[in-house]
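Taking UniProt numbering, the leading residue of the sequence shown gets 1, the next gets one more, and so forth.
The beta-carbon is built from N, C-alpha and C at its ideal position, and this holds for glycine as well.
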Amino acid sequence: MGEQKRKQEQKPEPYFIFEKKNYQYMLIGIAVIVLGFILMSGGGSDDPEVFNPEIYNWRRIRLAPTLVLLGFGIEVYAILLNPKNK
Numbered sequence: 001m002g003e004q005k006r007k008q009e010q011k012p013e014p015y016f017i018f019e020k021k022n023y024q025y026m027l028i029g030i031a032v033i034v035l036g037f038i039l040m041s042g043g044g045s046d047d048p049e050v051f052n053p054e055i056y057n058w059r060r061i062r063l064a065p066t067l068v069l070l071g072f073g074i075e076v077y078a079i080l081l082n083p084k085n086k
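Shown next as C-alpha cells:
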C-alpha cells in the first residue's frame, strides 16, 4: 500500500533531450551564425550597370564565412556535449 502511494505522489519530470548547458551553447552558436550572416550582407549596388567592389572586402569574404563555420562547430559541440559525465 505504501509503495503504491509513493508512486502516485511522484510527478514525472519533463523529459528534455539536452540539459541547460547544451541549450546555452546552442544559443551561443546560433548567435555566432546570425552575426556571420549579418556581416555577410550588404555591399550590393542599386544600379545594375555599376560595379561595386565593396562586395569583395575582407569582412564579407573572410570574416563572415569564418564566423558561420565557427557557429556550426559550436552547434555540433553543443549537441555532442554530455554534461553528466565529469
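For residue 63, I'd like the list of residues in its chain whose CB is within less than 7 Å of its CB, leaving aside the five on either flank, ordered along the chain. 39
Pair within 9 Å by beta-carbon distance, residue 32 and residue 81: no
Mind checking if residue 32 is an interface residue toward chain B, Cβ cutoff 9 Å exclusive? This model lacks chain B altogether; it includes just one protein chain.
Among residues of its own chain, excluding the 5 on either side of residue 28, which ones have a beta-carbon nearer than 7 Å to its beta-carbon? 74
Along the chain, where does the alpha helix (DSSP H) containing residue 65 start, and where does it finish? 64 to 80
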